[in-house]
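Chemist: Protein sequence lines, in the order shown, are assigned to chains A and B.
Here the numbering used here is used: position 105 in the first sequence is 207, and no number is missing along the way.
Here the numbering used here is used: position 101 in the second sequence is 178, and no number is missing along the way.
Before I ask anything, let me first share the structure, which is written out below as structure tokens.
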Amino acid sequence: MAALHFHFDIDGEDFSSAGDASVVMKKKLRQLGFPSDAIRRCSIAMYEGEINMVIHANGGTADVDVYPDKIVIVLEDHGPGIPNVELAMQEGYSTSTEQIRNMGFGAGMGLPNMKRYTESLEIETKVGVGTKLTMVVGV
Amino acid sequence: MILREIADLLRARILSSEDMLETEVQNAFCCDMMSDVLAFATNQSVLITGLLNPQVVRTAMMLDMHCIVFINGKEPTPEIVSLADANDIVIMVTDDSMFRAAGTLFGTGLLNADEV
Ligand SMILES: Nc1ncnc2c1ncn2[C@@H]1O[C@H](COP(=O)(O)OP(=O)(O)OP(=O)(O)O)[C@@H](O)[C@H]1O
Ligand SMILES: [Mg+2]
């Protein structure tokens, strides 16, 4: 079944706009008439991933494929990569600086949240090359 | 409780979405860490925070929240206010501390976010 596709470029230089792609995507899903529970799970997962790309990876891209029964979110960046994925997935683990914490992020909750709110979260990452996250949200 | 009553109780100034003040809410959450807000997201309708940036508004939007209360008289920037205005989110500023604001609302029956 053909999907509706949405593409976003995530600016890594401008923190004040971080999260904007997730806001736009949320509005699209509302227009498409998805149930609010599925929209919320999708929004939270994409938002956490978008913020991560801005604060840890200097931006990237988001590609969202919308099917009647699922939403697939692919986030790709050319940042530093994640050396130890198992560690990064632990609640409370964060390499965030004081500056990031002052902006309300860096609790080490993002990746665990993304896992909690999605049906699957796949992480492909290579140090010095970048990170690709694929999340599937069930409707 | 409606948002207008919350503003009265906290002697708060309303900065955005005044047409939404009749919105009924049942619960609230206090936090400066947006990831914690996102992690403990269940039916929260009012976010009480001392953090001032546009991500507070976007975080509230992700969770379908209706209202943000900034504490300690912290004045949000015009960018924050207009983002909230465009998305039907009420922004209030109270001179109360987070502890006092939360205590006041809790005492009048507003529930913790996980209790509804
Ligand atoms: N896209 C990414 N590129 C490089 N490193 C990342 C990326 N995403 C996450 N990380 C690493 O994984 C750690 C954990 O990420 P997670 O999102 O769980 O927490 P956080 O972003 O530090 O804090 P929070 O999400 O609570 O604001 C980060 O501190 C960072 O070291
Ligand atoms: Mg994060």
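All C-beta atoms, glycine included, are put in the ideal place defined by N, C-alpha and C.
Using only the heavy atoms of ligand 2, determine whether one of them is closer than 8 Å to the beta carbon of I150/B.
Modeler: Along the second sequence, read from residue 1 onward, the residue named residue 150/B stands at position 73. With the sequence shown as reference, residue 150/B is identified as Gly, and Ile is not the correct amino acid for it. It does not: the Cβ of G150/B is nowhere closer than 8 Å to a heavy atom of ligand 2.
Chemist: Let me check understanding here. Comparing Cα to Cα, which of H158/A, T220/A, A123/A lies closest to T197/A?
Modeler: Numbered from its first residue, the first sequence carries residue 197/A at position 95. With distances taken between Cα atoms, T197/A lies closest to H158/A.
Chemist: Less than 8 Å between the CB of P153/B and some heavy atom of ligand 1, yes or no?
Modeler: The residue labelled residue 153/B in the question sits at position 76 within the second sequence. No, the beta carbon of P153/B sits no closer than 8 Å to any heavy atom of ligand 1.
Chemist: Quick check: what's the CA-CA separation for L92/B versus C144/B?
Modeler: Working through the second sequence from its first residue, we reach residue 92/B at position 15. Working through the second sequence from its first residue, we reach residue 144/B at position 67. Each residue's CA atom was taken as its position, placing L92/B and C144/B some 11 Å apart.
Chemist: Select from the region 92 to 125 of chain B all residues with a C-beta closer than 8 Å to any C-beta belonging to chain A, and list them in chain order.
Modeler: D109, M110, M111, S112, D113, L115, A116, A118
Chemist: Grouping DSSP H, G and I as helix and E and B as strand, with all else coil, what is D173/B?
Modeler: For the purposes of this step, residue 173/B is taken as the residue at position 96 of the second sequence. Looking at D173/B - three-state DSSP - the assignment turns out to be coil, as it is neither helix nor strand.
Chemist: Taking the beta strand (DSSP E) that E188/A falls in, what are its first and last residues?
Modeler: Here residue 188/A refers to the residue found at position 86 of the first sequence. Counting along the chain, E188/A falls outside any beta strand (DSSP E), though it belongs to the alpha helix (DSSP H) covering 187 to 190.
Chemist: Can you list the residues near ligand 2, meaning Cβ strictly closer than 5 Å to any non-hydrogen atom, in the order they appear in the chain?
Modeler: N154/A, G212/A
Chemist: In this structure, does DSSP put F183/B in helix, strand or coil?
Modeler: In the second sequence, the residue the question calls residue 183/B occupies position 106. Here F183/B sits in helix by DSSP.
Chemist: In terms of DSSP beta bridges, what is N271/A paired with?
Modeler: Residue 271/A lies beyond the residue range present for chain A, which begins at 103 and ends at 241; the question has no answer from this structure.
Chemist: Note the first and the last residue of the continuous beta strand (DSSP E) segment covering T100/B.
Modeler: Taking the first residue of the second sequence as 1, we reach residue 100/B at position 23. Element bounds for T100/B: n/a, residue is neither H nor E.
Chemist: By Cβ distance, which residues of its chain are closer than 8 Å to R135/B, with the 5 residues on each side in sequence left out?
Modeler: As a position in the second sequence, residue 135/B is number 58, starting the count at 1. Excluding positions up to five away in sequence, the list reads L160.
Chemist: Taking the alpha-carbon positions, what's the M142/B to N164/B distance?
Modeler: As a working mapping, residue 142/B is identified with position 65 in the second sequence. As a working mapping, residue 164/B is identified with position 87 in the second sequence. Approximately 10 Å, taken between the alpha carbons.
Chemist: Please compile the residues from chain B whose C-beta is within a distance smaller than 8 Å of the C-beta of Y149/A.
Modeler: Within the first sequence, residue 149/A is the residue found at index 47, counting from 1. The answer, in chain order, is L115, R135, T136, M139.
Chemist: Once the 5 residues before and after T100/B are set aside, which same chain residues still bring their CB inside 7 Å of it?
Modeler: In the second sequence, the residue the question calls residue 100/B occupies position 23. Cβ neighbours of T100/B beyond the five flanking positions: I79, L80, H143.
Chemist: Can you list the residues of chain B that I243/A reaches, using a CB-CB cut of under 8 Å?
Modeler: The shown model of chain A, from 103 to 241, leaves out residue 243/A, and the question about it has no answer.
Chemist: Using only the alpha-carbon positions, how far apart do I213/B and G208/A sit?
Modeler: Only positions 78 to 193 of chain B appear in the structure, and residue 213/B is not among them; the question remains open.
Chemist: Would you call the region 135 to 150 of chain A in contact with the region 185 to 204 of chain A, where contact means no fewer than 3 C-beta pairs closer than 8 Å?
Modeler: no
Chemist: Which residues in the same chain have their Cβ closer than 6 Å to the Cβ of P106/A, if we skip the five residues on either side of it in sequence?
Modeler: Translated into the one-based positions of the first sequence, residue 106/A becomes position 4. Note that residue 106/A is Leu in the sequence shown, not Pro. So the list reads V168, once near-sequence residues are dropped.
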